[in-house]
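Participant:
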DNA sequence: CACTTTACCAAACAACTGTTTGTTTTTCTA
DNA sequence: TAGAAAAACAAACAGTTGTTTGGTAAAGTG
């Protein structure tokens, strides 16, 4: 997971081009990284992304200033513009890395399981665990609303969709009652899962608790047996 | 609903004091509005609240500037400070009005119903309809995250809680399976309902569809009958 | 070793932010 | 109708925002 990301993000090409590459690896298939001369590797791009992720996740995109991020990584504000040409591109890079990491984690978590219901259960728990586990990158994908960055809104939405596609595929394999709308089912489920980030606080429930209960509500009736 | 609000908000007292009164009517019981000399009634406080509500709901709190709101209601930025001493107080007033309106609407919707499940169903549909019906005030209570306005965060959260209390009470009367955690049940439900605001777009489903389906997923099992 | 590239600093810029001030117009009241 | 209160205007302020610019030390390369 980490290594995968590093290969992509630390490519020493211009920022704009670099982001295009990330996008390609995500949406398309592969990229012929011809400029793989492995130059500077101890750059501060990753610390910068980490710092930005932390602040974006905690305070929100708009609420985080470039000066905040610069201070977080021990850098002057202007220096960041050597690596990223704008705040939006920085968000795009962070968001991209987040989606890649989450997809990788989720896919490897469900890979071994065959039973579709078990698969969904594992996916739910993994998802909840990830977004609740103080993982800055995970919190971003849930918390940052693409509309807040109009110029890259499409890219962000497309990436988030590519993550949700995993859930679409899982639910597609589940036998559900006739006439049950699978889209609505998924939207309800993900809405419930993502909202955990708002009300969750350690102590009351664990992510596993939440995952188990949620799936129980859906899989079995919440109504007690008649009479 | 409208009249209730007007009585409170158009009271010609200083803004700070006025907001206190609103808060009292919400959290406490009643207020002895001794200064009810019915002075200025055609003030522009309500248009101001409406404009602010519209922009806060559409663009977000932080993304909306005082100049935006001023332009929306045809006023100069500084003029607003005669009515509200700060942006946060303006949000507080809008949020307060929103909660009052939503609570009133929801309470009167479920008042006639006796059966707890029917009550929940009506509450769900009413809630979804309200937040999807382009109602600016409703969208604010869901979309504006209290943390974004630190100085009034407590007040906002308290008000939202007072709304959710209605759902707590309804669910409390519902007989659910043994060992089923009602808090988690409610959080899941409200999380799912509120997320509709993100993905809903006219055409695919109606609020009533969504309400019916969601309650169906929970009330009955989504798994088809065995064999 | 010269030299090109990389990475950063220091300082500023222009636009925008919420808010304040003093003044003027409008509205209500006696 | 005169005076007081209410409401809005006009203009600015001080701080913050994302970003740009020109310079400079360090690292990689021939």
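Residue numbers (the numbering used here), protein chains in the order written: chain H, 3 to 229; chain P, 3 to 229. In this text, a Cβ means the ideal position worked out from N, Cα and C, and glycines have one as well.
So is the beta-carbon of residue 68(H) under 7 Å away from any non-hydrogen atom of the ligand MG?
Facilitator: Among the components of this structure there are no ligands whatsoever, and the ligand MG is therefore not found.
Participant: Would you mind listing the beta strand (DSSP E) stretches within the region 45-115 of chain P that are 3+ residues and don't spill past its ends, in chain order?
Facilitator: Correct list: empty.
Participant: Going by Cα to Cα distance, which pick from 116(P), 141(P) and 146(P) is closest to residue 173(P)?
Facilitator: Closest by alpha carbon: 116(P).
Participant: Note down, in chain order, each residue of its chain lying with its Cβ closer than 8 Å to the Cβ of residue 162(H), except the 5 sequence neighbours on either side.
Facilitator: Hits under 8 Å: 101, 143 and 148.
Participant: From the DSSP output, in three-state form, read off residue 219(P) for me.
Facilitator: Residue 219(P) falls in the helix class under three-state DSSP.
Participant: Identify each residue in the region 157-175 of chain H for which the Cβ-Cβ distance to at least one residue of chain P is less than 8 Å, and report them in chain order.
Facilitator: Residues passing the 8 Å Cβ filter: none.
Participant: Pull out every residue of the region 217-229 of chain H whose Cβ sits closer than 9 Å to any Cβ of chain P, in chain order.
Facilitator: Flagged, chain order: 218, 219, 220, 221, 222, 223, 224, 225, 226 and 227.
Participant: Are the C-beta atoms of residue 144(P) and some chain H residue less than 8 Å apart?
Facilitator: Chain H contact via Cβ: absent.
Participant: If we count the other Cβ atoms within 10 Å of its Cβ and call it buried at 16 or more, is residue 129(P) buried or exposed?
Facilitator: Flag for residue 129(P) reads buried.
Participant: For residue 118(P) versus residue 176(P), is the C-beta distance shorter than 8 Å?
Facilitator: For residue 118(P) and residue 176(P), yes; Cβs fall inside 8 Å.
Participant: Quick one: Cα of residue 69(H) to Cα of residue 151(H), how far?
Facilitator: Those two C-alpha atoms are separated by around 18 Å.
Participant: Please classify residue 226(P) as buried or exposed, where buried requires at least 16 other C-beta atoms within 10 Å of its C-beta.
Facilitator: Looking at its Cβ environment, which holds fewer than 16 other Cβ atoms inside 10 Å, residue 226(P) is exposed.
Participant: When the cut-off is 8 Å and only beta carbons count, does residue 215(P) lie next to chain H?
Facilitator: Residue 215(P) counts as touching chain H.
Participant: If you drop the 5 nearest sequence neighbours on each side, which residues of the same chain put their C-beta closer than 7 Å to that of residue 153(P)?
Facilitator: 90, listed in sequence order.
Participant: At least one CB of chain P closer than 8 Å to the CB of residue 207(H): is that the case?
Facilitator: Output row for residue 207(H): interface = yes.
Participant: Could you check whether the Cβ of residue 189(P) sits closer than 8 Å to any Cβ belonging to chain H?
Facilitator: It does: the Cβ of residue 189(P) has a partner Cβ on chain H nearer than 8 Å.
Participant: So, are the CB atoms of residue 201(H) and residue 189(P) less than 8 Å apart?
Facilitator: Cβ distance < 8 Å, so residue 201(H) and residue 189(P) count as in contact.
Participant: What would DSSP say about residue 214(H), mapped onto helix, strand or coil?
Facilitator: In this structure, residue 214(H) counts as helix in the three-state DSSP scheme.
Participant: Run the CB neighbour count on residue 121(P), radius 10 Å, all protein chains shown included, and call it buried at 16 or more, exposed below.
Facilitator: It counts as buried.
Participant: Is the beta carbon of residue 199(H) less than 8 Å from the beta carbon of residue 133(H)?
Facilitator: Closer than 8 Å, so yes.
Participant: I need the DSSP call for residue 176(P), collapsed to helix, strand or coil.
Facilitator: If DSSP states are grouped into helix, strand and coil, residue 176(P) belongs with coil.
Participant: Given a limit of 9 Å on CB to CB distance, which residues of the region 64-92 of chain P reach chain H?
Facilitator: From the region 64-92 of chain P, only 64 and 65 have a Cβ closer than 9 Å to chain H.
Participant: Rounded to whole angstroms, what's the CA-CA distance from residue 58(P) to residue 64(H)? Just pull it up for me.
Facilitator: Those two C-alpha atoms are separated by around 14 Å.
Participant: With a CB to CB cut of under 6 Å and the five nearest residues on each side skipped, what residues in its chain are close to residue 178(H)?
Facilitator: Nothing listed; no residue qualifies.
Participant: For a test of the three-state rule: what should DSSP assign to residue 125(H), helix, strand or coil?
Facilitator: Note: residue 125(H) maps to helix in three-state DSSP.
Participant: Could you check the C-alpha separation between residue 1(H) and residue 181(H) for me, to the nearest Å?
Facilitator: This structure cannot speak to residue 1(H), because chain H is shown only from 3 to 229.
Participant: How would you list, in chain order, the residues of chain H whose beta-carbon sits under 9 Å from the beta-carbon of residue 198(P)?
Facilitator: What residue 198(P) touches in chain H: 189, 190 and 193.
Participant: Answer yes or no: does any C-beta atom of chain P fall closer than 8 Å to that of residue 204(H)?
Facilitator: Taking Cβ atoms only, chain P never reaches closer than 8 Å to residue 204(H), which makes this a no.
Participant: Please classify residue 225(P): does DSSP put it in a helix, a strand, or coil?
Facilitator: Residue 225(P): coil per DSSP, three-state reduction.
Participant: Please report the distance separating the alpha-carbon of residue 223(P) from that of residue 86(H).
Facilitator: Approximately 50 Å between the Cα atoms of the pair.
Participant: What does the alpha-carbon distance come out to for the pair residue 96(H) and residue 171(H)?
Facilitator: Residue 96(H) and residue 171(H): Cα-Cα distance of roughly 26 Å.
Participant: Report the option in 137(P), 98(P) and 106(P) whose CA atom is closest to the CA atom of residue 155(P).
Facilitator: It is 98(P).
Participant: Need the endpoints of the alpha helix (DSSP H) that residue 138(P) sits in, please.
Facilitator: Counting along the chain, the alpha helix (DSSP H) containing residue 138(P) begins and ends at 138-145.
Participant: State the DSSP-derived secondary structure class of residue 184(P), mapped to helix, strand or coil.
Facilitator: Reduced to three states, the DSSP call for residue 184(P) is helix.
Participant: Is it buried or exposed for residue 184(H), if we count other Cβ within 10 angstroms and need 16 for buried?
Facilitator: By the 10 Å Cβ count, residue 184(H) comes out exposed.
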